[in-house]
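One structure below.
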Amino acid sequence: MNNFILLTALLLTAVSMQAQTIDTEIAALGSAWEAAYERGDAAALAAVHAEKVEIVNADGSLSTVTRADIEANWAKTFAGNTGTIEFADDMAATLLSDGKANTKGSFTQTMTNKETGETTTFKGHFDHHAVKVDGRWLLSRLKVSPQ
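Everything in the sequence shown is counted per this note's numbering, starting at 2 for the first residue and increasing by one.
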């Protein structure tokens, strides 16, 4: 019985440590994304994505894009706009059974047109997956919906 209690305690400690690690690592991924976005750095934004990324479209269908596609899209966006993003305190990361991480949360994104000064604000919710490649978490599936 004592061995069972010890084994259970060790297992719970390992799970708790794994949860803390995933939270810290995914928070670092989010911070890197945020810093790149606010600098208007399309290459750095693309670098936090896997080589191929699934996009969940508004109708639920899936599209696949490459890291190069992501960089080109952000470069086009940043050519005419600057942006800021604020993540809410509700971000949660969970390690999935397939080894990927799921991260969910809310955000407020503001884009300002460089020419006109017009500002657009979008409040949304994200539900992303990340995969670990060479010791780094990279976004591999993106789903964003309005709040």
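Note that CB positions come from ideal geometry on N, CA and C, so glycine has one too. These figures come from a predicted structure and were not determined experimentally.
In this structure, the beta-carbon distance from A33 to A76 does not fall below 7 Å. With fewer than 16 other beta carbons inside 10 angstroms of its own, F123 counts as exposed. With fewer than 16 other Cβ atoms from the protein chains shown falling within 10 Å of its own Cβ, R40 counts as exposed.
When Cβ pairs closer than 8 Å are counted between the two stretches, the region 76-92 is seen to touch the region 109-124, the count reaching three or more. Taking a cut-off of 8 Å on C-beta distances, the region 58-76 does not touch the region 92-105, as fewer than three cross pairs fall below it. Cβ atoms of S141 and A51 come within 8 Å of each other, at about 4 Å. When rounded, the separation of the alpha-carbon atoms in K133 and L63 is 21 Å. In the DSSP assignment, K77 falls within the alpha helix (DSSP H) that extends over 68-81. Remark: C-beta atoms of I27 and T104 approach each other more closely than 7 Å.
Looking at the DSSP output, A131 shares a beta bridge with A102, L140. For A47, the enclosing alpha helix (DSSP H) starts and ends at 43-48. Per DSSP, L97 lies in no beta strand (DSSP E) and is assigned neither H nor E. Distance between L139 and E119, taken at the CA atoms: about 32 Å.
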